[in-house]
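*Asks:* Structure provided below as C-alpha cells; questions to follow.
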Amino acid sequence: MECWIRPEDNSGTYTGVNDSSIYTFKERKYESLAREILQNSLDERLFDDTPIRVEFKLFNLKTNDIPGIRDFKELFADSLQYWIDDNQENGRVFFKEALSLLGKDMIKVLRISDFNTNGVLGSGQRFVNSSADITPWFNLVKSEGSSSKGDNQGGSFGIGKNATFANSALRTVFYSTFDKENVKAYEGIVKLATSYKSNKQYAPKAFYGSKDNGKSNAIENLLSLDFSFKRTVHGTDIFILGFEEEDDWEIRMLTSILSDFIIPIKQNNLEVILESQKIDSNTIEMIFKEKIKYCIDNGMESLKDDLRNSHNYYCILTSDETKIFVKEFDNLGKAVLNILYSPDFERKIMRTRETGMKLFTRSSISSSIGFAGIVKLEGQNLSRLFRKMENPAHTTWSPDNVSNLQEKKQGKRLLNELDHWMKQQVVENATDKNAEQIDVVGLGDYLPAELNEQSATPEQEQETVSNSISEISVKTPDREAVIKQREIIEELPITANQTDDNEPGVISIPSDDENDSEGGQGTETEHDITDGEQEMFKKVPIGQYKPRIIKQYDNYVLVINPQNTIKGGMLKIFISGETSNSSAVIIDARNKETGEIYQVNNNRIKIGDLKSSQKIKLDVKLLNNNDYALEVELHENRQ
6 MECWIRPEDN SGTYTGVNDS SIYTFKERKY ESLAREILQN SLDERLFDDT
56 PIRVEFKLFN LKTNDIPGIR DFKELFADSL QYWIDDNQEN GRVFFKEALS
106 LLGKDMIKVL RISDFNTNGV LGSGQRFVNS SADITPWFNL VKSEGSSSKG
156 DNQGGSFGIG KNATFANSAL RTVFYSTFDK ENVKAYEGIV KLATSYKSNK
206 QYAPKAFYGS KDNGKSNAIE NLLSLDFSFK RTVHGTDIFI LGFEEEDDWE
256 IRMLTSILSD FIIPIKQNNL EVILESQKID SNTIEMIFKE KIKYCIDNGM
306 ESLKDDLRNS HNYYCILTSD ETKIFVKEFD NLGKAVLNIL YSPDFERKIM
356 RTRETGMKLF TRSSISSSIG FAGIVKLEGQ NLSRLFRKME NPAHTTWSPD
406 NVSNLQEKKQ GKRLLNELDH WMKQQVVENA TDKNAEQIDV VGLGDYLPAE
456 LNEQSATPEQ EQETVSNSIS EISVKTPDRE AVIKQREIIE ELPITANQTD
506 DNEPGVISIP SDDENDSEGG QGTETEHDIT DGEQEMFKKV PIGQYKPRII
556 KQYDNYVLVI NPQNTIKGGM LKIFISGETS NSSAVIIDAR NKETGEIYQV
606 NNNRIKIGDL KSSQKIKLDV KLLNNNDYAL EVELHENRQ
C-alpha cells in the first residue's frame with residue numbers, strides 16, 4: 006500500500022523544527038542547492054563521451070495532486086496541535102504557514118532532473134543489518150551524516166542533500182530514479198518535528214512509500230509530478246514541494262553554477278538548463294556579458310563581482326597566455342597549476358579536485374601581482390587525503406579534520422608544500438611588471454588587500470584589511486620625476502578645463518578666512534567655477550571607503566568602494582614623496598565599465614554621486630608616464 010508513513014519513536018527524546026542540517030544551507034539556499042545538486046550529478050556520470058545534463062524547472066502543481074494529500078495535511082495538523090503551546094515561536098509559525106500553503110489550489114514545485122547519470126542505485130534493498138548493506142538509495146532517503154562517495158567524488162559528509170529541504174516551505178522532497186540497472190523507484194520524505202498522538206510518540210520524519218511492517222520502502226515505479234515531463238532514460242528526478250521562490254533565485258543560482266562549475270562546463274562535461282537558459286561551453290561567454298550587465302543595471306554588486314571573478318577563471322581556461330605548472334606529491338598524485346596574469350585580476354587561486362568543481366579560493370599569495378589561478382589535484386591517493394581535510398562546506402582544507410594521526414601529519418606537510426609551491430610559481434613567473442599594485446594612503450600602505458581565505462566562508466570573500474602583515478614593499482619614487490611633476494603643476498594656470506558640454510572644472514582657491522578645518526586660516530577649500538555660486542567639499546574619512554590603485558601599462562586603475570552614499574563626489578590624487586606629497590596632473594579619467602568621461606583639473610576628478618557599497622573603477626592617465634607611488638582622497642559636496 007502506498008501512503009504516508011510516520012514511524013513511532015520510543016526513544017524518549019524529541020526533535021524540534023530547528024534542524025541544524027537544514028539551517029546550514031538557509032543563508033545561501035539557492036547557491037547551495039545548485040552546488041550540491043550538480044556535484045552529485047557529476048559524481049554519477051554514466052558515459053564519459055557525453056556531457057551530463059541537469060535541468061532546473063519551476064512549475065505549478067495542483068495541491069490535490071500531491072501524493073497522499075489528505076494524510077499529508079494531517080501530518081502538519083498533528084504537529085501544530087502538539088507544538089502550538091511551545092515557548093518557541095518557530096514551530097507554531099512553520100506549521101501554520103505550511104497548512105496555509107496546503108490550503109491553496111496551487112503550489113510551487115521545482116523539478117531537478119539529470120541525464121547521463123547512473124541514477125540512485127540500491128532502491129530495492131529492504132533490510133540493513135550492517136553497514137555493508139547500506140546502498141546509495143538508503144543513504145539518500147533514510148540516513149543522516151552518511152556518504153557512500155568514492156575518493157574522486159565531490160561529496161563526503163552526507164549532509165548536502167539537506168540543501169533541497171532548505172528550499173522547501175514544506176520541507177518535503179520526492180526522489181524518483183531510473184538507475185543504470187534499469188530499476189525504477191520513487192519515495193517521498195518530509196522533515197518535521199517530533200509529535201505525539203493517541204499516547205504515542207512519532208519520529209520527526211515521515212515517508213511516502215510502500216508500507217511493509219510499518220516501514221516505508223521505495224515504490225517500484227517512476228514519479229512525475231510535472232505532467233509535461235516524462236523520463237525515458239537513466240537518471241534521477243527531484244521534486245521540491247513548496248519551493249521558496251524569491252525574485253533573485255535564478256540569477257543567484259546562475260552565479261553559483263558559473264562560479265563553482267566553470268571548469269566542467271567549459272570542458273564540455275556538464276550542461277545546465279536553468280528554466281529557459283541553457284548554460285554550456287558554447288553559451289558561457291555570452292551569458293557572462295549579459296548577466297554582468299544585468300547585475301550592474303539592477304545594483305547587484307556582490308553578484309556582479311562573483312560573476313567577474315568567475316570570468317577570470319574562464320579566461321584561464323581559454324587564454325593562450327595561461328602558464329601551466331605541475332608538482333608531484335610523494336607518488337600519491339600531482340597538482341596542476343594554471344596561472345594567468347592581469348592587473349585586473351583579484352590575486353586568487355581556485356582549488357579543485359578531479360570533478361573540476363570549485364572547492365574554495367585562496368588569496369594572501371601576493372599583494373602586488375595581478376593574477377588568477379586554478380590548481381587541480383589529480384590522483385586517487387592524493388585526492389583521498391585532501392578530501393579528508395575538507396570541511397563539510399568544502400570551503401577549506403585543514404589537517405584538523407583528519408582523525409588518523411599519521412595522515413594528519415602527512416596532510417599538514419603536503420598542504421604546506423602546496424601553498425609554498427603555488428606562491429613560488431606565481432611570484433617567480435610574473436613577467437608582466439606592469440601588473441604591480443600600488444597601495445594607497447592609510448593602513449592599506451602595509452596590509453594585504455585580501456582576507457586570508459583559508460578560514461573564510463564564501464560570504465566573507467571580499468576585500469578587507471587583515472590583522473596580520475603579509476608583505477611589505479618599499480618603493481622609492483623617482484626624485485627627478487617628482488620634481489619635474491611639481492614644476493609642471495606650478496606652471497599651470499588656475500583655469501578650469503572644459504568638457505564637451507562646456508561645464509567648468511574644479512580649482513583650488515586659498516582662503517584667508519578662519520574655518521573649522523584642521524589647517525586653520527588659509528586652509529585650502531574646493532570651489533567650482535560658476536556664475537557666482539560655489540561648491541564646498543569635505544574630505545571623507547579613509548574608513549568610510551576602500552581605495553585601490555593599480556598600475557596598468559600607461560594608465561592607473563583606480564577602484565573606490567564607498568561604505569556610505571556620497572553626494573557630488575570628487576577625487577584628489579597625490580604623488581607620494583619622501584618628505585611631502587605633490588599633486589598629480591591628470592589628463593584623462595573615465596569609467597572603466599561604462600566609458601563615461603569625467604571632468605578633471607590638475608589632480609582632481611569629479612565623479613558625481615556614488616551609492617553605498619557601489620564599487621567604481623576608473624581609468625586614469627597622468628601627464629607623465631612614470632611609475633609613481635600614489636595616494637588618493639575622496640571628497641564630498643557639503644551642500
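Each residue of the sequence shown is one higher than the one before, starting from 6 at the first, in my numbering.
For glycine and all other residues, C-beta sits at the position ideal for the given N, C-alpha and C.
Bear in mind that the values here come from a model prediction, so they are computed numbers and not experimental data.
1) Could you check how far apart the C-beta atoms of ILE270 and ILE284 are, in whole angstroms? I think they sit under 8 Å.
2) Pick helix, strand or coil for ILE610, following the three-state DSSP scheme.
3) Could you check the C-alpha separation between MET305 and ILE297 for me, to the nearest Å?
4) Expressed to the nearest angstrom, what Euclidean distance is found between the alpha-carbon atoms of LEU85 and ALA198?
5) For PRO348, does the count of other Cβ atoms within 10 angstroms reach 16, so buried, or fall short, so exposed?
6) Kindly confirm or deny that the region 257–264 and the region 222–233 touch, where touching means at least three C-beta pairs closer than 8 Å.
7) Report yes if the CB atom of ASN167 is closer than 9 Å to the CB atom of ILE27, and no otherwise.
8) For the candidate residues THR599, ASP184, LYS67 and ARG595, whose alpha-carbon lies nearest to that of ASN123?
9) For ASN15 and ARG356, I'd like the C-alpha separation in whole angstroms.
10) I'd like to know if LEU639 contacts chain B, where contact means its C-beta is closer than 9 Å to some C-beta of that chain.
11) Fully enclosed by the region 16–67, which alpha helix (DSSP H) runs are 4 residues long or longer?
12) According to DSSP, which residues form a beta bridge with THR177?
13) Going by C-alpha to C-alpha distance, which of ARG367, ASN409, PHE334 and MET394 sits closest to GLY384?
14) Quick check on the DSSP output: what are the complete alpha helix (DSSP H) runs of length 4 or more inside the region 365–399, in order along the chain?
15) If the criterion is Cβ atoms closer than 9 Å, does the pair ARG33 and TYR207 meet it?
16) Please list the terminal residues of the continuous beta strand (DSSP E) segment that includes GLU333.
17) Give the range of the beta strand (DSSP E) segment to which PHE579 is assigned.
18) I'd like to know whether the C-beta atoms of ASP76 and CYS8 end up nearer to each other than 9 Å.
19) Could you tell me which residues DSSP puts in a beta bridge with ILE267?
20) Does DSSP put ARG131 in a helix, in a strand, or in coil?
21) Which residues does DSSP pair with HIS640 in a beta bridge?
22) Between ASP242 and LEU279, what straight-line distance do the alpha-carbon atoms span, to the nearest angstrom?
23) Are the beta-carbon atoms of LYS353 and ASN314 separated by less than 9 Å?
24) Find out if the Cβ-Cβ distance for the pair VAL331, LEU345 is shorter than 9 Å.
25) Near GLN430, which residues of its chain fall below 7 Å by C-beta distance, leaving aside the five closest residues on each side in sequence?
26) Which two residues bound the contiguous alpha helix (DSSP H) that contains PHE100?
27) Measure the CB-CB distance between LEU106 and ALA39 and report whether it falls below 9 Å.
28) Over what stretch of residues does the alpha helix (DSSP H) that includes ARG595 continue unbroken?
29) Quick check on the DSSP output: what are the complete alpha helix (DSSP H) runs of length 4 or more inside the region 198–223, in order along the chain?
30) Taking the CB atoms as reference points, tell me whether LEU230 and VAL59 lie closer together than 9 Å.
31) Give me, in chain order, the residues of the same chain whose beta-carbon lies closer than 6 Å to that of ARG553; leave out the 5 immediate sequence neighbours on both sides.
32) Suppose the cutoff is 7 Å on Cβ atoms and the five residues either side in sequence are ignored; what does the same chain contact list for PHE30 look like?
33) Quick one: what's PRO567 bridged to in DSSP?
34) CB LYS543 to CB HIS640, shorter than 9 Å?
35) Quick one, are the C-beta atoms of PRO567 and LYS616 less than 9 Å apart?
*Replies:* By the coordinates alone:
1) Taking the sequence shown and counting its residues from 1, the one referred to as residue 270 is at position 265. Taking the sequence shown and counting its residues from 1, the one referred to as residue 284 is at position 279. Rounded, the Cβ-Cβ distance is 6 Å, consistent with contact.
2) The residue given as residue 610 occupies position 605 in the sequence shown. Three-state result, ILE610: strand.
3) As a first step, residue 305 must be located in the sequence shown, where it is residue number 300. As a first step, residue 297 must be located in the sequence shown, where it is residue number 292. Those two C-alpha atoms are separated by around 9 Å.
4) The residue you call residue 85 lines up with position 80 of the sequence shown. The residue you call residue 198 lines up with position 193 of the sequence shown. Looking at the two C-alpha atoms, the distance is approximately 10 Å.
5) Against the sequence shown, residue 348 aligns to sequence position 343. It is buried - the Cβ of PRO348 has at least 16 other Cβ atoms within 10 Å.
6) no
7) Locating residue 167 in the sequence shown gives position 162, counting from the first residue. Locating residue 27 in the sequence shown gives position 22, counting from the first residue. Yes, the pair counts as a contact, with Cβ atoms nearer than the cut-off.
8) Taking the sequence shown and counting its residues from 1, the one referred to as residue 123 is at position 118. Here the closest residue by C-alpha is ASP184.
9) Looking up residue 15 in the sequence shown gives position 10. Looking up residue 356 in the sequence shown gives position 351. About 46 Å.
10) Protein chain content of the structure displayed is limited to a single chain, and chain B is not contained in it.
11) 25–28 and 34–48
12) Locating residue 177 in the sequence shown gives position 172, where the first residue counts as 1. Looking at the DSSP assignment, THR177 forms a beta bridge with VAL195 and LEU246.
13) Within the sequence shown, numbered from 1, the residue matching residue 384 stands at position 379. Taking only the C-alpha atoms, the option nearest GLY384 is PHE334.
14) 385–394
15) Counting from one through the sequence shown, the residue named residue 33 turns up at place 28. Counting from one through the sequence shown, the residue named residue 207 turns up at place 202. No, these two residues do not count as a Cβ contact at 9 Å.
16) If you number the sequence shown from 1, residue 333 lands on position 328. It spans 328–334 - the beta strand (DSSP E) in which GLU333 sits, taken as one unbroken run.
17) Counting from one through the sequence shown, the residue named residue 579 turns up at place 574. Element bounds for PHE579: 571–580.
18) Stepping through the sequence shown from its first residue, residue 76 is reached at position 71. Stepping through the sequence shown from its first residue, residue 8 is reached at position 3. Result yes, Cβ atoms of ASP76 and CYS8 sit closer than 9 Å.
19) Within the sequence shown, numbered from 1, the residue matching residue 267 stands at position 262. According to DSSP, ILE267 bridges with nothing at all.
20) Numbered from its first residue, the sequence shown carries residue 131 at position 126. ARG131 falls in the coil class under three-state DSSP.
21) Stepping through the sequence shown from its first residue, residue 640 is reached at position 635. HIS640 is bridged to LYS544 and MET575.
22) Looking up residue 242 in the sequence shown gives position 237. Looking up residue 279 in the sequence shown gives position 274. Roughly 15 Å between the two C-alpha positions.
23) Along the sequence shown, read from residue 1 onward, the residue named residue 353 stands at position 348. Along the sequence shown, read from residue 1 onward, the residue named residue 314 stands at position 309. Yes, these two residues count as a Cβ contact at 9 Å.
24) Within the sequence shown, the letter at position 326 stands for residue 331. Within the sequence shown, the letter at position 340 stands for residue 345. Cβ atoms of VAL331 and LEU345: not closer than 9 Å.
25) To locate residue 430, count along the sequence shown from 1; it is residue 425. So the qualifying residues of the chain are PHE330, LEU342 and ILE344.
26) Locating residue 100 in the sequence shown gives position 95, where the first residue counts as 1. Segment 94–107, the alpha helix (DSSP H) holding PHE100.
27) Here residue 106 refers to the residue found at position 101 when the sequence shown is read from its first residue. Here residue 39 refers to the residue found at position 34 when the sequence shown is read from its first residue. No.
28) For the purposes of this step, residue 595 is identified with residue 590 of the sequence shown, where counting begins at 1. Where ARG595 is concerned, there is no enclosing alpha helix (DSSP H), although the beta strand (DSSP E) it sits in stretches over 591–596.
29) none
30) To locate residue 230, count along the sequence shown from 1; it is residue 225. To locate residue 59, count along the sequence shown from 1; it is residue 54. No; because the gap between Cβ atoms is not below 9 Å, this pair is not in contact.
31) What you label residue 553 is simply residue 548 of the sequence shown in a count that begins at 1. Once the five neighbours on either side are set aside, the close Cβ partners of ARG553 are VAL564.
32) Counted from its first residue, the sequence shown places residue 30 at position 25. SER37, ASN167, ALA168 and ALA171.
33) Along the sequence shown, read from residue 1 onward, the residue named residue 567 stands at position 562. Its beta-bridge partners are TYR550.
34) For the purposes of this step, residue 543 is taken as the residue at position 538 of the sequence shown. For the purposes of this step, residue 640 is taken as the residue at position 635 of the sequence shown. It is a contact, given that the beta carbons lie within the stated cut-off.
35) Taking the first residue of the sequence shown as position 1, residue 567 is located at position 562. Taking the first residue of the sequence shown as position 1, residue 616 is located at position 611. Closer than 9 Å, so yes.
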